[in-house]
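Here the sequence shown is numbered in my numbering, starting from 1 and rising by one per residue.
We treat Cβ as the ideally placed atom computed from N, Cα and C, and that holds for glycine.
One structure is given below, encoded as structure tokens.
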Amino acid sequence: MSTTSATKQTKTFTVCPGCDLLLHEIQPTPGHTVVCPRCHRRLHREQPDSIRRTLAIAASGMLLFLPANFLPLMNLAVLGRRTGSSLFTASLSMFGQGQPFVGLIVLLTGFVFPLLTLSLLFWVSAGLFMGWKARWMPDFMRWYQHLSDWAMTDVYLIGVFVTIIKMNHTADIHFNTGFFCFIGLVMLTVAAQASVDKPLFWELLEGKEKGRQLQEYSVSTLARTGKEAGLVLCHTCHKTLPASLLAQQRRHHGNILCPRCGEIMHPRKQGSINRTWAFICTAIILSLPANLMPIMEVEFFGQSTTNTIMDGIIFFFQEGSYGIGLIILTASILVPLFKITGMILILLSIRYNWTSWLRHKSFMFRFIEFIGRWSMLDIFVIALLCALVQFGYISTITAAPAALYFTCVVLCTMFAAISFDLRLLWDTETTDRIPARQTINSYPTSP
Ligand SMILES: [Zn+2]
Ligand SMILES: [Zn+2]
Numbered sequence: 001m002s003t004t005s006a007t008k009q010t011k012t013f014t015v016c017p018g019c020d021l022l023l024h025e026i027q028p029t030p031g032h033t034v035v036c037p038r039c040h041r042r043l044h045r046e047q048p049d050s051i052r053r054t055l056a057i058a059a060s061g062m063l064l065f066l067p068a069n070f071l072p073l074m075n076l077a078v079l080g081r082r083t084g085s086s087l088f089t090a091s092l093s094m095f096g097q098g099q100p101f102v103g104l105i106v107l108l109t110g111f112v113f114p115l116l117t118l119s120l121l122f123w124v125s126a127g128l129f130m131g132w133k134a135r136w137m138p139d140f141m142r143w144y145q146h147l148s149d150w151a152m153t154d155v156y157l158i159g160v161f162v163t164i165i166k167m168n169h170t171a172d173i174h175f176n177t178g179f180f181c182f183i184g185l186v187m188l189t190v191a192a193q194a195s196v197d198k199p200l201f202w203e204l205l206e207g208k209e210k211g212r213q214l215q216e217y218s219v220s221t222l223a224r225t226g227k228e229a230g231l232v233l234c235h236t237c238h239k240t241l242p243a244s245l246l247a248q249q250r251r252h253h254g255n256i257l258c259p260r261c262g263e264i265m266h267p268r269k270q271g272s273i274n275r276t277w278a279f280i281c282t283a284i285i286l287s288l289p290a291n292l293m294p295i296m297e298v299e300f301f302g303q304s305t306t307n308t309i310m311d312g313i314i315f316f317f318q319e320g321s322y323g324i325g326l327i328i329l330t331a332s333i334l335v336p337l338f339k340i341t342g343m344i345l346i347l348l349s350i351r352y353n354w355t356s357w358l359r360h361k362s363f364m365f366r367f368i369e370f371i372g373r374w375s376m377l378d379i380f381v382i383a384l385l386c387a388l389v390q391f392g393y394i395s396t397i398t399a400a401p402a403a404l405y406f407t408c409v410v411l412c413t414m415f416a417a418i419s420f421d422l423r424l425l426w427d428t429e430t431t432d433r434i435p436a437r438q439t440i441n442s443y444p445t446s447p
């Protein structure tokens, strides 16, 4: 333990959202990625010409959105009988199969949220580009950040590819305009999200110009973390505020709202551990029916067979489509299993103060957050198959009960990751093990 007496130091500080380490704020150098020295989380990576690029890409994405969703995606032909579907009718197919909840989730993640994220991004970047100072802009940016993980057009596109490979042996496939528009839409959506420079957007939304004067705080020289320094970080826009100042902020039903983005501010996410446990336990219970019960029913010349998730995977391996079999195995079985065991390990680490491998566990959690949405792949494939494979007596595919349970498992694991506050893991490390005041690491961005 240090024996130096604590004095106050007035500087501009920031707090790492991943591990709560107190850091001197620096202006990022163009072409450099700023990384936390304690947990190795990426803090900032400057995107060149971010606002203009985001605006242009989001606008193009919105132009493609309607043709991609409403024009016919593809036609399938079996023994002279033809069926076809647009992406939107495929999204609605689950409603006609007696699976309204799964239908709603497919509709939201495949259509509503992608449209909303693109529109929100368009309006925020347009507002910043035009220099508007509207009150809705920070709200739009906040909603965009919350919804971006739930807009799953990229997962849907992989679902379309899996469906094509699955049907390739049994049907003649003809691609329509909607298919090519959809590929364009996914590329634009991914590019638009990648071009957003969130710290820059938030600074401009707050009304500060680039190269701003950073606000200075008085902080004890002994403080190593945001908690010790009495600084609270907003979960959404990552604004740092002294806890003493928070008391003066505007209140909403007894909660203190972030002055920049309007999010409720807490030193740590409230009830984080209990809520994460609850979601994980629910996911474990629901995994049983999700994997043991049939997920779809295939009728082929009057003969009906039911398939579990594992049957579908075995089908691809038997057909010799190892790549696609591996993708489905990873998305439907390995990813949920990894998410559940990973989260349990992290929760137990906090419960029993296991302070080793913190950086690795943080990396694992960030990976769990990143891969969470990819488990929806199987559900999208089933929705597409239910829409496309409707050949009457020859062959028909319908959804079976496990689709509902599997969707709930994916939602629970995603909510578990959202509810969890990773800083609680780092709180288990005693302060004297944290090295003296560190500077942010800055690495050249790889070309
Ligand atoms: Zn960190
Ligand atoms: Zn905020």
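Quick check on DSSP: helix, strand or coil for Phe380? Position 380 of the sequence shown holds residue 380. Three-state DSSP puts Phe380 in a helix.
Which residue spans inside the region 313 to 397 form an unbroken alpha helix (DSSP H) run of at least 4? Scanning the region 313 to 397 from its first residue to its last, the whole alpha helix (DSSP H) runs of 4-plus residues come out as 322 to 329, 335 to 351, 358 to 371 and 377 to 388.
In three-state DSSP terms, what is Gly401? Stepping through the sequence shown from its first residue, residue 401 is reached at position 401. Note on identity: in this sequence residue 401 is Pro, with Gly being the wrong assignment. Pro401: coil per DSSP, three-state reduction.
For Gly110, the nearest candidate out of Leu384, Thr398 and Ala171 (CA to CA): Taking the sequence shown and counting its residues from 1, the one referred to as residue 110 is at position 110. It is Leu384.
How would you label Tyr156, buried or exposed, when you count the other beta carbons within 10 angstroms and need 16 or more for buried? As a working mapping, residue 156 is identified with position 156 in the sequence shown. Result: buried.
Under the rule that 16 or more other beta-carbon atoms within 10 Å means buried, what is Arg351, buried or exposed? Position 351 of the sequence shown, counted from the start, is the residue given in the question as residue 351. The residue in question, Arg351, is exposed, as its Cβ has fewer than 16 Cβ neighbours within 10 Å.
Would you check whether ligand 2 has a heavy atom nearer than 7 Å to the C-beta of Thr413? Mapped onto the sequence shown, residue 413 falls at position 413. Taking non-hydrogen atoms of ligand 2 into account, the C-beta of Thr413 is found less than 7 Å away from none of them.
CB contact flag (Asn69, Phe88, <8 Å): As a position in the sequence shown, residue 69 is number 69, starting the count at 1. As a position in the sequence shown, residue 88 is number 88, starting the count at 1. It is a contact, given that the beta carbons lie within the stated cut-off.
From what residue to what residue does the beta strand (DSSP E) around Asp172 run? The count along the sequence shown starts at 1 and reaches residue 172 at position 172. Where Asp172 is concerned, the enclosing beta strand (DSSP E) stretches over Asp172 to Phe175.
Please work out which residues of its chain come closer than 7 Å, Cβ to Cβ, to Ala171, disregarding the five sequence neighbours upstream and downstream, and give them in chain order. The sequence position of residue 171 within the sequence shown is 171, counting from 1. In the same chain as Ala171, and ignoring 5 residues on each side of it, the C-beta atoms closer than 7 Å to its own belong to Leu76, Ala77 and Val78, in chain order.
Report the option in Leu71, Arg260, Val410 and Val124 whose CA atom is closest to the CA atom of Ile379. For the purposes of this step, residue 379 is taken as the residue at position 379 of the sequence shown. Residue Val410 is the option with its Cα nearest to Ile379.
I need the DSSP call for Thr240, collapsed to helix, strand or coil. Locating residue 240 in the sequence shown gives position 240, where the first residue counts as 1. It is a strand residue.
Can the beta-carbon of Arg38 be found closer than 8 Å to that of Leu21? Taking the first residue of the sequence shown as position 1, residue 38 is located at position 38. Taking the first residue of the sequence shown as position 1, residue 21 is located at position 21. Leu21 sits close to Arg38, with the two beta carbons spaced by under 8 Å.
Cα-Cα separation, Asp421 to Thr83: For the purposes of this step, residue 421 is taken as residue 421 along the sequence shown, with counting starting at 1. For the purposes of this step, residue 83 is taken as residue 83 along the sequence shown, with counting starting at 1. Inter-residue distance for Asp421 and Thr83 is about 47 Å (C-alpha atoms, whole angstroms).
Near Pro48, what residues of its chain come up, given a Cβ to Cβ distance below 8 Å and the 5 sequence neighbours on each side ignored? Here the question's residue 48 lines up with position 48 in the sequence shown. In chain order, Pro30 place their CB closer than 8 Å to the CB of Pro48, counting only its own chain and leaving out the 5 sequence neighbours on each side.
Return the CA-CA distance between Glu209 and Glu203, expressed in angstroms with no decimal places. Mapped onto the sequence shown, residue 209 falls at position 209. Mapped onto the sequence shown, residue 203 falls at position 203. Reliability of the predicted coordinates at Glu209 is poor, the pLDDT of 48 falling under 50, and the value obtained from them is presented with this limitation in mind. Rounded to whole angstroms, Glu209 to Glu203 spans 7 Å at the Cα level.
Can you grab the Cα-Cα spacing for the pair Ile158 / Met130, in whole Å? Counting from 1 along the sequence shown, the entry for residue 158 is found at position 158. Counting from 1 along the sequence shown, the entry for residue 130 is found at position 130. Each residue's Cα considered, the two are about 36 Å apart.
Are there three or more Cβ pairs, one per stretch, closer than 8 Å when the region 337 to 354 is compared with the region 126 to 145? Too few Cβ pairs lie closer than 8 Å, so no.
In the DSSP assignment, what are the bridge partners of Phe13? Against the sequence shown, residue 13 aligns to sequence position 13. His24.
Using the beta carbon as the reference atom, which residues fall closer than 6 Å to any heavy atom of ligand 2, ordered along the chain? Having a Cβ closer than 6 Å to some heavy atom of ligand 2 are Cys234, Thr236, Cys237, Lys239, Cys258, Arg260, Cys261 and Glu263.
Quick check on DSSP: helix, strand or coil for Ile295? Looking up residue 295 in the sequence shown gives position 295. Assigned with DSSP and collapsed to three states, Ile295 falls in coil, not helix or strand.
Ligand 1 heavy atoms versus the CB of Leu22: any closer than 7 Å? For this step, residue 22 is matched to residue 22 along the sequence shown. No, the Cβ of Leu22 stays beyond 7 Å of every heavy atom of ligand 1.
In its own chain, which residues sit with a C-beta less than 7 Å from the C-beta of Gln213, not counting the 5 before and 5 after it? The residue you call residue 213 lines up with position 213 of the sequence shown. Caution applies to Gln213, whose pLDDT of 44 falls short of 50 and renders its modelled position unreliable; the model cannot decide the point.
Could you tell me if the beta carbon of Ser18 falls within a distance shorter than 7 Å of some heavy atom in ligand 1? One-based indexing of the sequence shown puts residue 18 at position 18. The identity of residue 18 in the sequence shown is Gly, whereas the question assumes Ser. Yes, Cβ of Gly18 sits closer than 7 Å to a heavy atom of ligand 1.
With distances taken from CA atoms, which of Phe365, Ile314 and Ser332 is nearest Asn291? Residue mapping note: residue 291 aligns to position 291 of the sequence shown, counting from 1. Among Phe365, Ile314 and Ser332, the Cα nearest to that of Asn291 belongs to Ser332.
With a CB to CB cut of under 6 Å and the five nearest residues on each side skipped, what residues in its chain are close to Gly230? For the purposes of this step, residue 230 is identified with residue 230 of the sequence shown, where counting begins at 1. Excluding sequence neighbours, Gly230 sits near Pro242 and Ala243.
Should Val15 and Thr240 be called a contact, given that it needs their Cβ atoms to be closer than 8 Å? Here residue 15 corresponds to residue number 15 of the sequence shown, with the count starting at 1. Here residue 240 corresponds to residue number 240 of the sequence shown, with the count starting at 1. Yes.
Taking Cβ to Cβ, would you say Ala399 is nearer than 8 Å to Ile382? Start at 1 with the first residue of the sequence shown, and residue 399 comes out as number 399. Start at 1 with the first residue of the sequence shown, and residue 382 comes out as number 382. Cβ distance < 8 Å, so Ala399 and Ile382 count as in contact.
Using only the alpha-carbon positions, how far apart do Lys166 and Phe316 sit? For this step, residue 166 is matched to residue 166 along the sequence shown. For this step, residue 316 is matched to residue 316 along the sequence shown. So the alpha carbons of these two residues sit roughly 8 Å apart.
Going by Cα to Cα distance, which pick from Gly323, Thr276, Asp197 and Phe180 is closest to Leu55? As a first step, residue 55 must be located in the sequence shown, where it is residue number 55. For the options Gly323, Thr276, Asp197 and Phe180, the alpha carbon positioned closest to that of Leu55 is the one of Asp197.
Is it buried or exposed for Asn307, if we count other Cβ within 10 angstroms and need 16 for buried? Taking the first residue of the sequence shown as 1, we reach residue 307 at position 307. With 16 or more other Cβ atoms within 10 Å, it is buried.
Residue of Thr305, Ala278, Met310 and Ser272 minimising C-alpha distance to Pro289: Translated into the one-based positions of the sequence shown, residue 289 becomes position 289. Checking every option, the nearest Cα to that of Pro289 belongs to Met310.
Compute the minimum distance between the beta carbon of Arg38 and the heavy atoms of ligand 1, and state whether it is under 7 Å. As a first step, residue 38 is located in the sequence shown; it is residue number 38 there, counting from the start. Yes, ligand 1 has a heavy atom inside 7 Å of this Cβ.
Grab the span of the beta strand (DSSP E) containing Val34 for me, first residue to last. Stepping through the sequence shown from its first residue, residue 34 is reached at position 34. Segment His32 to Val35, the beta strand (DSSP E) holding Val34.
Closer than 7 Å to a non-hydrogen atom of ligand 1 - does that hold for the CB of Arg142? Walking along the sequence shown from the start, residue 142 turns up at place 142. Arg142 Cβ: outside cutoff for every heavy atom of ligand 1.
Taking 7 Å as the cut-off, is the beta-carbon of Arg268 closer than that to any non-hydrogen atom of ligand 1? The sequence position of residue 268 within the sequence shown is 268, counting from 1. No, the beta carbon of Arg268 sits no closer than 7 Å to any heavy atom of ligand 1.
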